[in-house]
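If you use the numbering used here, the sequence shown closes out at 533, no skipped numbers anywhere. Report on the structure given below.
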Amino acid sequence: MENNSETPSFVTPQGRRIAYHLTDGTGPAVVFLGGFKSDMGGTKAIHLEKWARDSGRAFLRFDYSGHGESSKAFTDGCIGDWFEDACAAIGLLAGKVIVVGSSMGGWISLLVARAMPERVAGIVTIAAAPDFTEDSVWAGFSDAQKEELMAGQVALPSEYGEPYIITRRLIEEGRDRLVLRDPLLLPFPVRTLQGTADVDVKMSVALRLLEHADSPDMRLTLVDGADHRFSDDDCLDLIVTSVEDVLGKVG
Numbered sequence: 283m284e285n286n287s288e289t290p291s292f293v294t295p296q297g298r299r300i301a302y303h304l305t306d307g308t309g310p311a312v313v314f315l316g317g318f319k320s321d322m323g324g325t326k327a328i329h330l331e332k333w334a335r336d337s338g339r340a341f342l343r344f345d346y347s348g349h350g351e352s353s354k355a356f357t358d359g360c361i362g363d364w365f366e367d368a369c370a371a372i373g374l375l376a377g378k379v380i381v382v383g384s385s386m387g388g389w390i391s392l393l394v395a396r397a398m399p400e401r402v403a404g405i406v407t408i409a410a411a412p413d414f415t416e417d418s419v420w421a422g423f424s425d426a427q428k429e430e431l432m433a434g435q436v437a438l439p440s441e442y443g444e445p446y447i448i449t450r451r452l453i454e455e456g457r458d459r460l461v462l463r464d465p466l467l468l469p470f471p472v473r474t475l476q477g478t479a480d481v482d483v484k485m486s487v488a489l490r491l492l493e494h495a496d497s498p499d500m501r502l503t504l505v506d507g508a509d510h511r512f513s514d515d516d517c518l519d520l521i522v523t524s525v526e527d528v529l530g531k532v533g
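Structure, rendered in structure tokens:
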């Protein structure tokens, strides 16, 4: 979708136009990274923005390319593109940031931390889905679906609206972005949130991330009955509490 002229935007070094909203305030700024085919107008992003305004905290939300109001088609994108978009968005800010990553955004937050650890003061993940293109999508495909994908793309049903279009580029490029195969150093506070009723990202993924990452201060919170949206009032309050906890650790 092309950018609405009333929404601020910037152009990445790769030439993609990214729509964003920036709330001025004190640092470290909080940056929200959304999920696969979601946009910056989602419940969690808006809730965090209101909290940031009320508390005087700098806050940034944006649409990856191919999402929301940013340029390009969704099917043109891949994990690497959206990671580059996130890095460029963080480049709008001065100093260190707290990254809040939801679902795919959790994976991208880990890529950001690996690529620019000097910019990250802490991470909060919500139903993080690291390596999902390989471990969930590709691993879950039948032989027929794998053959269809190699010819171009596969459509998967989604309870959130239109089918997800999985492209060959998404899968193949994603293999260059995996974070659970090699050492993953996260030298700052990390809070991971996971619902027990999440059918999109299993609890085993959260446990695998907890065991794999090397962090001096990493905690996993399981919420009984919470689903992948993680957007009811209690879950939203827990996200804010987790962000405040990280901020309290880093000053």
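Quick reminder that beta carbons are idealized off the backbone N, C-alpha and C, glycines included.
Which residues does DSSP pair with residue i in a beta bridge?
i      : result
Asp499 : Pro471
Val379 : Ala311, Val402
Phe292 : Ile300
Gln476 : Leu504
Thr305 : Phe341
Ile372 : Ile372 pairs with nothing; no bridge assigned.
Leu446 : Looking at the sequence itself, residue 446 is Tyr, so the reference to Leu does not match. DSSP, once it has assigned bridges, lists Leu438 as partnering Tyr446.
Ile408 : Ser384, Leu475
Is DSSP giving residue i helix, strand or coil here?
i      : result
Met283 : Bear in mind that a pLDDT of 35 at Met283, under 50, signals an unreliable position, so the model cannot answer this.
Glu441 : coil
Phe341 : strand
Ser384 : strand
Val483 : coil
Leu466 : strand
Val394 : helix
Lys531 : helix
Arg457 : coil
Phe414 : helix
Ala488 : helix
Cys360 : coil
His494 : helix
Met322 : coil
Gly350 : coil
Might you give, ordered along the chain, the residues of its own chain that have their beta carbon closer than 6 Å to the beta carbon of residue i, omitting 5 neighbours on each side?
i      : result
Phe512 : Ile408, Ala409, Gly477
Asp304 : For the record, residue 304 in the displayed sequence is Leu; it is not Asp. Taken in chain order, the residues that qualify are Leu342.
Ala329 : The sequence shown places His at residue 329, not Ala. Cβ within range, chain order: Leu518.
Asp480 : Ala409, Asp509, His510
Ordered along the chain, which non-local residues of its own chain (more than five positions away) have a Cβ less than 8 Å from that of residue i?
i      : result
Asp499 : Phe470, Pro471, Val472, Lys531
Ile453 : Thr415, Glu416, Val419, Trp420, Leu431
Ala411 : Gly317, Phe318, Ser385, Met386, Gly388, Trp389, Ser418, Asp482, Val483, Val487
Leu504 : Gln476, Gly477, Thr478, Met485, Ala488
Phe365 : Ile390, Leu393, Val394, Ala397, Arg459
Let me know if residue i comes out buried or exposed under the rule of 16 or more other beta-carbons within 10 Å of its beta-carbon.
i      : result
Lys319 : buried
Asn286 : In this predicted model, Asn286 has a pLDDT of only 47, less than 50, meaning its place in the structure is not dependable enough to derive any value.
Leu467 : exposed
Ala403 : buried
Tyr442 : exposed
Ala327 : buried
Ala311 : buried
Gly507 : exposed
Gly383 : buried
Asp363 : buried
Arg501 : exposed
Leu438 : exposed
Ala355 : exposed
Using 8 Å as the threshold, is the C-beta distance between residue i and residue j below it?
i      : j      : result
Asp367 : Thr415 : no
Gly456 : Met386 : no
Val381 : Ser391 : yes
Leu460 : Asp413 : yes
Val394 : Cys369 : yes
Ser347 : Arg298 : yes
Ala334 : Gly307 : yes
Ser524 : Leu475 : yes
Leu462 : His494 : yes
Glu351 : Arg343 : no
Arg401 : Ile361 : no
Leu374 : Phe292 : yes
Pro465 : Asp496 : yes
Whose C-beta lies closer than 7 Å to the C-beta of residue i among residues of the same chain, with five residues either side of it excluded?
i      : result
Glu284 : Because the pLDDT of Glu284 is 38, which lies under 50, any placement of that residue in the model is unreliable, and the question is left without a value.
Glu430 : Val436
Met432 : Arg450
Asp345 : Ile300, Ala301, Asp321, Met322, Glu351, Ser352
Asp358 : Gly348
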